[in-house]
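Participant: For the protein sequence lines, the chains are A and B, in the order given.
Sequential numbering from 1 applies to the first sequence in full-length UniProt numbering.
Sequential numbering from 1 applies to the second sequence in full-length UniProt numbering.
Here it is, the structure, as structure tokens.
2 protein chains.
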Amino acid sequence: MLLDLLDQHKQRVAECNVGRESIRGPEFLELRGNGLLFGYVHESFAEHLLLLDDTFKVYFVRSKDGSPLGHYIGLDQSLKTPKARTKAVAAVCSELREKGVITGWRDELYPVSTGFHNKPYFGLERAAAPHFGIIAYGVHMNGYTEDADGNKYLWVARRSATKQTWPLRLDHLVAGGQPLGLSCADNLVKECQEEAGIPPDLARRATAAGTVSYEMVTDENRAKRDVLFVYDLKLPSDFQPKNQDGEVESFELWPLARVAETIRKSNEYKPNVALVIIDFLVRHGYIHPDQKGYVELVSSLRTGCVEAASRRTT
Amino acid sequence: MLLDLLDQHKQRVAECNVGRESIRGPEFLELRGNGLLFGYVHESFAEHLLLLDDTFKVYFVRSKDGSPLGHYIGLDQSLKTPKARTKAVAAVCSELREKGVITGWRDELYPVSTGFHNKPYFGLERAAAPHFGIIAYGVHMNGYTEDADGNKYLWVARRSATKQTWPLRLDHLVAGGQPLGLSCADNLVKECQEEAGIPPDLARRATAAGTVSYEMVTDENRAKRDVLFVYDLKLPSDFQPKNQDGEVESFELWPLARVAETIRKSNEYKPNVALVIIDFLVRHGYIHPDQKGYVELVSSLRTGCVEAASRRTT
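Quick look at the structure:
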């Protein structure tokens, strides 16, 4: 029985990493600039970029004796500053939005960089992040309570029917993308207020507890590469969340065993949320080393995590 | 200031992964059997094995048309059962112990397998594990207390001056290798008793909290590949550890900030213990995402974690 348990949790992780091996294969072009690697662009999207205007170009790398060493996609080299690049890319993305290539516009800039704290090469509309295969960051918070016997209960949100992505699926108490120019701690406080009506004083007690990460190729050949900053917040037993922005249909407090069973047996949870909860189950000992598959499961939770600070020699 | 902080913690992780890139390079031979990969043997140790008798052999892999596809080291194919292999390898190891090639004999068998819960191919003397580059497992427990304001204090052990490895370095409250035939939970209870006098009822309250792993090449060209099962145990404030086996010189209760500073500024901690404590600092929010280097640091804590269940085509 234990064998089955972790196999199915591993399946949830695999669902968040579908097709990841192809990201570094021939169908994707590396997105580079200033000798650095920023992302991965599928051929089909590269074609859209290259047909449009001269903002993006394919560059060929050659050795000293002229033999070919590969190629990549990058911005026109006349774009010298992050500001100029951001503006030029925004114009390209707007046009592709009008053509229906980029959908789900968010009007929110994500940094394109070699690491979370590194200087952005440019800022990119959030909806375009997987088209360019850049690493996107987010904050995810498990809100839980504990009874006198130490039994844990997790707050479960059901996403609103009108949410653009994953309507009616189960979710964390609080989660949100990490935009440019805001610390993770402040972003979490803001999202706590908006999504669950958690006052700032209480929200600031949340404990950062690590990361979960994955890489997948979506049905539309986009490379979705996410790093989620995981937080735990132990809430008073009389706390009642109240959604403020209409993105949540309802909240319920579930015993941890029910949460674990739901993840094991169904796809009711939004897939990346299932991953963050598996991480919670690992950190709180509900999944433990005497279960077959433990080492592999724990290791798989940070599959997409390594930041690409590697300098290229081109 | 924050920049420096995580850079130095990252340095501690790097010290546990020294030379890891060479393990899959030409100086090491893969240790294989039944088409499976079990470890990595350095040329210099392979020479000892091959000179001795016919227990170990080098096998050459060829394609259908006879062209060479590489080679590996493995047991003589007449050794059909785990028991026969264990016995033959034990004889080889004893001889190499007498020759002074294998030092630090423990008289304890580690399983040689493709994964923690997989059937062992054979059992191997613990002291020989890095010579064969197999993954070794251990349990490491952080014992801590919490005051009324939620401030955490960590129990710090100083290793006895007569310990074979890392004498007088700082250590966890409890840690031990994971032998064949004992569950992690039971091993932890046993080690809790031996190393810190923690009674079983209290020890069983420890929470499994994940893994830490690393791979290094030692000064003697051995591939040390460890997966540590990490546990946290919150202790009553009046608990006083008492070492039973003479392996600990003294215990002290330190504020977490002092522990973190000691790891940052010195090599006082046994290197792999520093890694497990960095994981504790990450899980308990003392290291957090708004510090530069966070994503890379968190991801680096499981560098050596992936189990090698991959079947070879030979």
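Positions of the beta carbon are idealized from the N, C-alpha and C atoms, including for glycine.
Do you know offhand how far A/Pro199's Cα is from B/Asp219's?
Facilitator: 54 Å
Participant: Can you pull the chain A neighbours of B/Ser183, defined as C-beta to C-beta under 8 Å?
Facilitator: Under a criterion of Cβ atoms nearer than 8 Å, the residues of chain A adjacent to B/Ser183 are, in order, Asp290.
Participant: Of the residues A/Asp171, A/Gly210, A/Leu180, which one's Cα is nearest the Cα of A/Thr262?
Facilitator: A/Asp171
Participant: In the DSSP output, which residue or residues are listed as bridge partners for A/Trp155?
Facilitator: A/Leu253
Participant: For the alpha helix (DSSP H) containing B/Lys83, list its first residue and its last residue.
Facilitator: 82-98
Participant: Between A/Thr145 and chain B, is any beta-carbon pair separated by less than 9 Å?
Facilitator: no
Participant: Under a Cβ-count criterion, where at least 16 other Cβ atoms within 10 Å of its own Cβ denotes burial, should A/Arg222 be classed as buried or exposed?
Facilitator: buried
Participant: Exposed or buried, what is A/Gln178 when buried is set at 16 or more other beta-carbons lying within 10 Å of its beta-carbon?
Facilitator: It counts as buried.
Participant: Exposed or buried, A/Val58, counting other C-beta atoms within 10 Å across all chains shown (16 or more means buried)?
Facilitator: exposed
Participant: Any idea what DSSP makes of A/Ser160, helix, strand or coil?
Facilitator: coil
Participant: Around the Cβ of A/Asp201, are there at least 16 other Cβ atoms within 10 angstroms (buried) or fewer (exposed)?
Facilitator: exposed
Participant: Is B/Tyr294 close to chain A, meaning its C-beta is less than 9 Å from at least one C-beta of that chain?
Facilitator: yes
Participant: Just the C-alpha distance for B/His140 and A/Glu268, rounded to the nearest angstrom, thanks.
Facilitator: Approximately 35 Å, taken between the alpha carbons.
Participant: Along chain B, which residues have their Cβ under 9 Å away from the Cβ of A/Thr211?
Facilitator: Val282, Pro289, Tyr294, Val295, Val298, Ser299
Participant: Considering only residues of the UniProt domain "Nudix hydrolase" (129-279) of chain B, which uninterrupted alpha helix (DSSP H) runs meet the minimum length of 4 residues and lie entirely inside it, listed in chain order?
Facilitator: 129-132, 184-196, 200-203, 256-265
Participant: What does DSSP give as the partner residues of A/Val41 in its beta bridges?
Facilitator: A/Leu29
Participant: CB-CB under 6 Å to B/Ala136, same chain, minus the five flanking residues each way: which ones, in chain order?
Facilitator: Tyr110, Ala129, Asp226
Participant: Cα separation between B/Arg302 and A/Lys99?
Facilitator: Spanning the two alpha carbons is a distance of roughly 43 Å.
Participant: Please look up how many angstroms separate the CB atoms of B/Glu195 and B/Glu247, rounded, as I've assumed it's under 8 Å.
Facilitator: 7 Å
Participant: For the candidate residues A/Ala257, A/Ala157, A/Val112, whose alpha-carbon lies nearest to that of A/Leu168?
Facilitator: A/Ala157
Participant: At 7 Å on the CB atoms, spell out the chain B contacts of A/Phe229, in chain order.
Facilitator: Pro289
Participant: Taking the alpha helix (DSSP H) that B/Glu296 belongs to, which residues open and close that run?
Facilitator: Residue range 294-300 is occupied by the alpha helix (DSSP H) that includes B/Glu296.
Participant: Out of B/Ser237, B/Val273, B/Val276, which has the shortest C-alpha to C-alpha gap to B/Asn151?
Facilitator: B/Ser237
Participant: Have a look at the DSSP bridge pairing and note the partners of B/Tyr110.
Facilitator: B/Leu124
Participant: Which of helix, strand or coil does DSSP assign to B/Leu79?
Facilitator: coil
Participant: Check whether chain A comes within 9 Å of residue 316 of chain B, counting only Cβ atoms and requiring the distance to be less than that.
Facilitator: Shown here, chain B extends from 1 to 314; a query on residue 316 of chain B therefore has no answer.
Participant: So A/Ala208 contacts chain B; which residues on that side make the cut at Cβ distance below 7 Å?
Facilitator: Gly285, His288, Pro289
Participant: Got a sec: which bits of the segment 112-140 of chain A sit with their beta carbon under 9 Å from any beta carbon on chain B, in order along the chain?
Facilitator: Gly115, Phe116, His117, Asn118, Ile135, Tyr137, Val139
Participant: Whose Cβ in chain A lies nearer than 8 Å to the Cβ of B/Arg302?
Facilitator: Those within 8 Å of B/Arg302 in chain A are Val298, Ser299, Arg302.
Participant: Quick one: what's got a C-beta closer than 8 Å to A/Gly197's C-beta in the same chain, skipping five residues either side?
Facilitator: The residues are Pro241, Lys242, Asn243, Gln244.
Participant: Would the beta-carbon of B/Glu30 fall within 9 Å of that of B/Gly39?
Facilitator: yes
Participant: Taking the alpha carbon of A/Arg159 as the point to measure from, which residue in A/Val174, A/Val101, A/Asp149 has its own alpha carbon closest?
Facilitator: The shortest Cα separation from A/Arg159 among A/Val174, A/Val101, A/Asp149 belongs to A/Val174.
Participant: Tell me whether the beta-carbon of A/Trp166 lies closer than 9 Å to the beta-carbon of A/Lys265.
Facilitator: no
Participant: Please check the pair A/Phe155 and A/Ala127, which I expect to be a contact at CB under 8 Å, by giving their CB distance rounded to whole angstroms.
Facilitator: Per the sequence presented here, residue 155 of chain A reads as Trp, with Phe not at that position. Not a contact, Cβ separation roughly 28 Å.
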